[in-house]
Amino acid sequence: MRVFAQQLVRPAQYVALAGYIVFLGFPLLWLISASVKSSAELNSLVVNLLPQEWHWANYSEALARQGLVSSAGNSALVALASTALVILIALPASYVLARLKGAIRVAGVGWILVSQVFPVILIILPLFLILRTIGLTDSLVGLTLVHTTYTMPFALWMLQGYVAAIPVDLEEAGAMDGGNRLVVLRRIVFPLLAPGVVATAMFSFVSSWNEFFFALVLLQSPENYTLPITLSTFIGGEGKVALGPLAAGSVLAAIPSIVFFSIMQKKLTGGLMAGAVKG
Amino acid sequence: MTVLASRRPPAPRPGRRRGPTGLDRARRREAAALVMPSLLPILVLSVAPLLMGVLLAFTDAELVRRPDYQFVGIDNFTRLMGNSFFWDSFRIGMTWAISVTLLQLIAALGLAQLLNSGLRLQSLTRVLALIPWAMPPVVVAIMWKMIYSPNAGPLNAFLGSLGLPDDINWLADFSTALPAVIVVGVWVGMPQTTVTLLAGLQQIPAELHEAAAIDGAGAWRRFTAVTLPSLRPIITSITSLNFIWNFNSFSLVYVLTEGGPGGRTMLPMLFTYLEAFKNRNIGYAAAMGVVLVVVVVLLLAVYLRSQFRDDRFETKRKEG
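As they're listed, the protein sequences go chains A and B. The numbers in my numbering rise by one with no breaks, and the one at position 233 of the first sequence is 242. The numbers in my numbering rise by one with no breaks, and the one at position 39 of the second sequence is 308.
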């Protein structure tokens, strides 16, 4: 009986795995398939995964579509600028947070954790009022500042994890050899920290590139729209939409983050959980 | 990572016996010089706005051109107590966050176990498991709208081919809308939970399982007696994080249903967003935000405390 049950385990495992693969992979497959179907086929009642004819024109149509390329440019601009700001501010601060002991560290880490609980609405309301008084609500500069604020805590958390992983002994050895703190930082800490900085920069680029809520609240004029907003207007109230180009645009919009996550998969979870689990 | 940092020998504490040496004082000055310029932008750009958000909850601020507003004490909160729409939305948010978090955990535990048991196709599954995590929420919503589409959607077509009803309008039907968005929520968050749990599974020493197997424990018993207890700290932290993220989520459901049909998927974040930017009551919306934060923090505190108490209890039982 027992041997019989054991022989069944493997097949059952494969069946379960297949179920997971379908659940996780099918929606994306469907999106890609929709992106190469003609609109006649998309609206017909015959539902097939493989298109009857490959309709690549959806991609050129999506790119030619008003706003898609320019809003992708806006997204890239905001993402790059806020990433630069985040790294510039978080790099020195994370070093301090990781190396200091005592009250400042406790306050810093505590605040990072609390800010993770804060709903976006409580972040955007005060920022909206501030940005309005200085006239930056419907502007990419304003959105950049908001994205910086929003990504900062987590970037700080990631970076200080990387700093903490660098043995202090190395720095002390550097100091013994007569280097002052700045020399030690430049010669020893920053080179070792480079992978962590790259990971954090990519993380903050992708969070900004994907971000929807703040852009929805802040941006009013279509020429300022970021990519997620433009995509969401395509499915909005205008009734029948061209599903093919929409799917094509969606596939293109997802590429940067998919590239990032495939490069980063292990490091991201490491950075995320290191403090939470062992700390 | 943190292990490395804490394992280094404790620094001598000269303050105890001798006075602080000149070197120490210089170091401390240096640290202070590093702290101020690096933490100042964070205070301005991040801490201050969050605190201002809390303060706004005690004002009558509105979204109009005239920017003056006054403190009104706890007026917003007393008004909120009687706002049944808000509490309806709160209940929906709890249903959403708890179901998504639980289902994510169960589904991810299963997948992580499979990925840890030496099957083929693992690398494919690992890559697949990343995709939902990586995609922009708006794209995820667009994608699932196509899946759920009542006319040309693959889900209804599949059900039809099995002879089941194939005309369900998943996202617009009162009874199916919330479950349908919950499935999407699970799809989005499951990968991250899986990768995290898998990392935990790989840390469990194989000897533990072998010892249990020698003692005659079956697969299920090994799961409950070895796997689950070892994973416990990771499960606690990932469910806490997932719960927070799910409770605070906005974009996915906003694009999928905009809170409809008839408010059936009106998550608290959607509700406060509409209060702030459609009804233009910023102070009132901030009060809602504050209530949500407080509730989430309280729930987490209770949950984490119960987890830690169980931990202590188990260690005692083992010792005794």
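Beta carbons are placed, not taken as given, at the ideal position from N, Cα and C, and that holds for glycine. Just so we're clear, the structure is a prediction, and the values are computed from it rather than from any experiment.
- Closer than 7 Å by C-beta to B/Asp329: which residues in its own chain qualify, once you throw out the five before and the five after it? Chain order, please. Excluding sequence neighbours, B/Asp329 sits near Tyr338, Gln339, Val341, Gly552.
For this session: To the nearest angstrom, report how far apart B/Gly422 and A/Ala43 are at their CA atoms.
Result: As the crow flies, the alpha-carbon of B/Gly422 is around 11 Å from that of A/Ala43.
Report the rounded CA-to-CA distance for B/Leu477 versus B/Leu380, giving the unit in angstroms. Our two residues, B/Leu477 and B/Leu380, have alpha carbons roughly 21 Å apart in a direct line.
Worksheet item: Hey, is A/Phe127's beta-carbon within less than 8 Å of any beta-carbon in chain B?
Response: Yes, A/Phe127 lies at the interface with chain B (some Cβ there is under 8 Å from its Cβ).
At 3 residues or longer, and completely inside the region 426–476 of chain B: list those beta strand (DSSP E) runs for me, N to C. Within the region 426–476 of chain B, no complete beta strand (DSSP E) run reaches 3 residues.
Tell me the rounded alpha-carbon separation between A/Phe243 and A/Asn67. Answer to the nearest angstrom: the Cα atoms are 14 Å apart.
Open item on the list: Quick test of your reading: A/Ala263 and B/Pro405, contact by CB under 8 Å. State the CB separation rounded to the nearest angstrom.
Closed with: With 8 Å as the limit, A/Ala263 and B/Pro405 qualify as a contact, their Cβ atoms being about 6 Å apart.
Original post:
Would you say B/Pro530 faces chain A, with C-beta separation under 8 Å as the test?
Top reply: Chain A contact via Cβ: absent.
> Can you pull the DSSP bridge partners for B/Phe340?
Replying inline: Answer by DSSP bridge pairing, in chain order: B/Thr328.
- Query: Under the three-state reduction of DSSP, which class applies to A/Ala251: helix, strand or coil?
  - Reply: A/Ala251 falls in the coil class under three-state DSSP.
### Task
Enumerate, from N- to C-terminal direction, the unbroken alpha helix (DSSP H) stretches of 4 or more residues contained entirely within the region 172–231 of chain A.
Counting only runs of 4 or more, we get 177–185, 190–193, 199–219, 222–227.
Classify B/Ser509 as buried or exposed, calling it buried when 16 or more other Cβ atoms lie within 10 Å of its own Cβ.
Buried is the call here.
### Message
Between the alpha carbons of A/Pro128 and A/Val55, how many angstroms are there, rounded?
### Response
Rounded to the nearest angstrom, the two C-alpha atoms are 43 Å apart.
Any heavy atom of the ligand GDP closer than 7 Å to the beta-carbon of B/Phe340?
This structure simply doesn't include the ligand GDP, nor any ligand for that matter.
Flag this pair as yes or no: are the beta carbons of A/Ala107 and A/Gln169 separated by less than 8 Å? Yes. Within cutoff.
Requested in this report: Within the same chain, show all residues whose beta-carbon is closer than 6 Å to that of A/Ala256, passing over the 5 residues directly before and after it, in chain order.
Outcome: Here the set comprises Leu40, Ala43, Ser44.
Quiz prompt | Inter-residue Cα distance where the pair is B/Leu308 and A/Ala102 | solution = Going by the C-alpha atoms only, they are around 6 Å apart.
Selection from B/Phe492, B/Ala403, B/Leu569 that minimises the alpha carbon distance to A/Gly34:
Of the candidates B/Phe492, B/Ala403, B/Leu569, B/Ala403 places its Cα closest to the Cα of A/Gly34.
> Does any C-beta atom of chain B lie closer than 8 Å to the C-beta of A/Tyr68?
Replying inline: Taking Cβ atoms only, chain B never reaches closer than 8 Å to A/Tyr68, which makes this a no.
With the cut-off set at 8 Å, would you say B/Ile513 and B/Thr465 are in Cβ contact? For the 8 Å CB-CB criterion, B/Ile513 and B/Thr465 do not form a contact.
Report task. Determine, using beta carbons only, whether B/Trp402 comes closer than 8 Å to chain A. Result -> Yes, B/Trp402 lies at the interface with chain A (some Cβ there is under 8 Å from its Cβ).
Problem - Which of helix, strand or coil DSSP assigns to B/Asp357 - result: If DSSP states are grouped into helix, strand and coil, B/Asp357 belongs with the helices.
CB-CB length for B/Val453 against B/Trp413, believed under 8 Å
Under the criterion of beta carbons closer than 8 Å, B/Val453 and B/Trp413 qualify as touching, at roughly 5 Å.
For A/Lys46, report the span of its alpha helix (DSSP H) as first-last.
That residue, A/Lys46, is in no alpha helix (DSSP H); it is neither H nor E in DSSP.
Exercise. Report yes or no: do three or more beta-carbon pairs, one from the region 433–449 of chain B and one from the region 468–488 of chain B, lie closer than 8 Å?
Key: Cβ pair count under 8 Å is below three, so no.
### Message
With a threshold of 8 Å between beta-carbons, can A/Gly248 be considered close to chain B, or not?
### Response
Bear in mind that a pLDDT of 47 at A/Gly248, under 50, signals an unreliable position, so the number given afterwards is only what the model happens to contain. Chain B, which has no Cβ nearer than 8 Å to the Cβ of A/Gly248, makes this no.
Does DSSP put A/Trp65 in a helix, in a strand, or in coil? Looking at A/Trp65 - three-state DSSP - the assignment turns out to be coil, as it is neither helix nor strand.
For the region 432–453 of chain B, which residues have a beta carbon sitting closer than 8 Å to at least one beta carbon of chain A?
Here the close residues number zero.
| query | Between B/Ser353 and the rest of its own chain, which residues show a CB-CB distance below 8 Å, the 5 nearest in sequence each way excluded? | reply | For B/Ser353, where only same-chain residues beyond five positions count, there are no Cβ hits under 8 Å.
Within a Cβ cutoff of 7 Å, which residues of the same chain sit near B/Asn517, ignoring the five residues on either side of it in sequence?
Taking C-beta separations shorter than 7 Å and ignoring five residues to either side along the sequence, the partners of B/Asn517 in its chain run Met538, following chain order.
message = Just verifying my parser: in three-state terms, what is the DSSP assignment at A/Leu17?
response = Three-state DSSP puts A/Leu17 in a helix.
Beta-carbon within less than 6 Å of A/Tyr29's beta-carbon, same chain only, minus the 5 sequence neighbours each way: which residues are those? For A/Tyr29, where only same-chain residues beyond five positions count, there are no Cβ hits under 6 Å.
>> What does the alpha-carbon distance come out to for the pair B/Phe355 and B/Leu568?
In response: CA-CA distance, B/Phe355 to B/Leu568, rounds to 18 Å.
For B/Ala556, which residues of its own chain have a beta-carbon under 6 Å away from its beta-carbon, when the five flanking residues on both sides are left out?
Beyond the five residues adjoining it in sequence on each side, B/Ala556 comes within less than 6 Å, by CB distance, of Ala326, Asn345, Phe346, Leu349 in the same chain, given in chain order.
Would you check if the distance between the CB atom of B/Pro310 and the CB atom of A/Pro135 is smaller than 8 Å? Cβ atoms of B/Pro310 and A/Pro135: not closer than 8 Å.
ask   = Looking at C-alpha atoms only, which residue of A/Glu220, A/Tyr171, A/Met161 is the closest neighbour of A/Pro204?
value = In this structure, A/Tyr171 is the residue among A/Glu220, A/Tyr171, A/Met161 with its C-alpha nearest to the C-alpha of A/Pro204.
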